[in-house]
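Engineer:
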Amino acid sequence: MANEEIKREIVYFSEAGKGNTGRCIELAVERAKELGIKDFVVASTSGFTANVLYEKLRGEGNIVVVTHMVGFKEIGVDRMAEDARLELVMKGMKVLTTGHALSGAERGIKNKLGLLGPLELMANTLRMVSHGVKVAMEITLMASDSGLIPMDKEIMSIGGTGSGADTACVVSPAHTNNCFDFKYHEIVCMPR
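Under numbering that gives the first Met the number 0, the residues of the sequence shown are numbered 0 to 191, in order.
1. Is it true that the CB of A42 sits closer than 8 Å to the CB of I157?
2. Would M150 and L95 qualify as a contact pair, given that the criterion is a beta-carbon distance under 8 Å?
3. Quick one: what does DSSP say F181 is sitting in, helix, strand or coil?
4. Does the Cβ-Cβ distance between M136 and T166 come in under 8 Å?
5. When burial is assigned at 16 or more other CB atoms within 10 Å of the CB, is F12 buried or exposed?
6. Taking D82 as part of the alpha helix (DSSP H), name the residues at either end of that continuous run.
7. Would you kindly check if the distance between the Cβ of T66 and the Cβ of R78 is under 8 Å?
8. Are the Cβ atoms of M92 and A49 separated by less than 8 Å?
9. Taking 8 Å as the cut-off, decide whether the C-beta atoms of T20 and A122 are in contact.
10. Alpha carbon to alpha carbon, how far is E105 from V132? Give it in angstroms, no decimals.
11. For my contact list, V40 and I186 are in at a C-beta cut-off of 8 Å; report their separation, rounded to the angstrom.
12. In three-state terms, what does DSSP make of S143?
13. Can you tell me whether M89 is buried or exposed, with buried defined as 16 or more other CB within 10 angstroms of its CB?
14. Report the rounded CA-to-CA distance for E153 versus D38, giving the unit in angstroms.
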C-alpha cells in the first residue's frame, strides 16, 4: 500500500502582526472544522485575539487563552487587565497565566550572566521559521502542563508576532518534560 499524499495550501501573510488576526482565526477555525478539532490554544494578552476566536467559534470549542507571565515587562505586573480576564472566563474560556515554557528561568540566567541555554536556543531556532510557530509550541506546552487540553488529540494552536494572531498550526500536544514528543502536523497560515 502506497503512502497517501495530502496536499494543503498554506496561507502566507505578506507582513506579520495584528492586521492578520481576523483572517488567521478564520483559516484556523475552517481547518479545525475540517479535521474535527474542538480544542484551541490561543495566545492573548489583552483578550482581543481570544475574543475574535470566541466570536468565530460561537461556543463550539474548548478555548484555552495563554497570556504573558506576570512580570513579563514590569516586575509584578499582569499585562492582562482583570476586567478582560473576567470577560473571557465569563464566556467559558480558560485563561492561563504562568511562566513561559521556552524561556522562564533560562531567560533570567541569560539576562544576568549572558549564557544562552537550550530552551532559548530552541525558541530562537523556531523563530527562524516564524515567531508565531514558536508561540504555538510554547503556549501548547504551557496549556499541556496545566492540564487544560487533551493530550490524546490534535489541537489548533494560534499565536502571532507582537500582538494579534498571524500563525495557526495543527499540533499534537506534549508536556514540557517530553517536549520532543510535540508534533507540528500542519501550518495553516503564517507570515512570510
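Glycine residues also receive a C-beta, built at the ideal position from the N, C-alpha and C atoms. Computed from a predicted structure; not experimentally measured.
Structural biologist: Concretely, from the data shown:
1. Pairing I157 with A42 gives a Cβ-Cβ distance under 8 Å.
2. No, the pair does not count as a contact, with Cβ atoms beyond the cut-off.
3. In the three-state reduction of the DSSP assignment, F181 falls in the coil class.
4. Result no, Cβ atoms of M136 and T166 do not sit closer than 8 Å.
5. Result: buried.
6. The continuous alpha helix (DSSP H) containing D82 extends over residues E81 to M89.
7. Closer than 8 Å, so yes.
8. Yes, they are a contact pair.
9. Against a cut-off of 8 Å, the Cβ pair of A122 and T20 comes out as no contact.
10. Rounded to the nearest angstrom, the two C-alpha atoms are 20 Å apart.
11. In fact, because the Cβ distance is near 15 Å, the residues do not count as touching under 8 Å.
12. Here DSSP, grouped into helix, strand and coil, assigns S143 to helix.
13. Flag for M89 reads exposed.
14. Distance between the alpha carbons of E153 and D38: 8 Å.
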